[in-house]
Amino acid sequence: MAWVPRKAVCPRRRAAVHTIALHIDRRGALEAAWRRQEEAEARKQRLSTDIDEGKLITVPDTSGLDAVIEQAGSQLVVVFMYSRQCGVCKDAARRFEQLRNEAHRAKARVVFVQHDVETDYGDKSDLSRFYNVRAVPCFLFFDGGAVVRRLSLRDIRRLTGPKPYVQAALAEDVRRLRNTFMEVLLSRAPSARS
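Under my numbering, the first residue of the sequence shown is numbered 7, with each subsequent residue one higher.
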């Protein structure tokens with residue numbers, strides 16, 4: 007005797023049809039969108055305050071740099087690209103901070119930004135790939151959203167020779183950074199002949 011499946015116990019009851027429903031919590035979605043909008047506005051306000059106060063701004067990605075450039079308006083934006091593991095970058099960061107303090111005291115219309123070129127996983131960041139940064143420390147000078155100057159410092163580990171030669175090379179790098187900064191800043195200043 008072969009096994010035969012039984013029909014439904016109640017002949018009037020139809021076989022259950024499984025339907026899958028997608029429930030959209032509209033209120034929750036709207037509240038989440040509202041929170042994201044408020045956070046974006048708060049970030050924009052903090053960014054505007056930091057720019058006005060002359061603070062050093064850290065940007066995590068390209069959208070952060072775009073927001074800084076947009077908020078800066080007609081101000082010069084100087085971006086310092088560094089790596090946490092780079093010893094030369096630590097010295098360059100100290101020099102960059104001194105330059106920022108001098109510019110802030112002189113009330114120069116400059117925004118100072120820094121960006122780590124490595125992600126948490128050791129890969130190159132999108133921003134460093136976009137601007138083709140191959141060596142750190144690297145400085146990018148933006149005017150009106152476009153890169154007008156680019157400057158990379160020498161790697162102290164690759165400099166060979168007597169100690170005075172290495173110190174002179176580092177002093178030359180610092181002088182180049184300061185001169186480039188002043189050149190870009192003064193090229194933007196209004197002319198007396200205009």
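Cβ atoms here follow ideal geometry from the backbone N, Cα and C, with glycine treated the same way.
Alpha-carbon spacing of A112 relative to A38, whole angstroms: 43 Å
For S200, three-class secondary structure by DSSP: Confidence is the limiting factor: at S200 the pLDDT is only 48, short of 50, which leaves the residue's position unreliable, though a coordinate-based value still follows. Here S200 sits in coil by DSSP.
When F147, V74 and V85 are compared against D122, the one with the closest alpha-carbon: Among F147, V74 and V85, the Cα nearest to that of D122 belongs to V85.
The alpha helix (DSSP H) enclosing C1, as first and last residue numbers: Residue 1 lies beyond the residue range present for the chain, which begins at 7 and ends at 200; the question has no answer from this structure.
For T64, the three-state DSSP class (helix, strand or coil): In the three-state reduction of the DSSP assignment, T64 falls in the strand class.
Pairwise C-alpha distance: M188 and T64: 22 Å
Distance, L36 Cα to R135 Cα: 35 Å
Limits of the alpha helix (DSSP H) - the one that D58 falls within: R32 to E59
Contact the segment 57-72 vs the segment 124-140: 3+ CB pairs below 8 Å: yes
Beta-carbon spacing of F145, L157 below 7 Å: yes
Under 7 Å between C-beta atoms of V117 and A78: A contact, by the Cβ cut-off of 7 Å.
Same chain, Cβ closer than 8 Å to V180, five either side skipped, listed in chain order: R101
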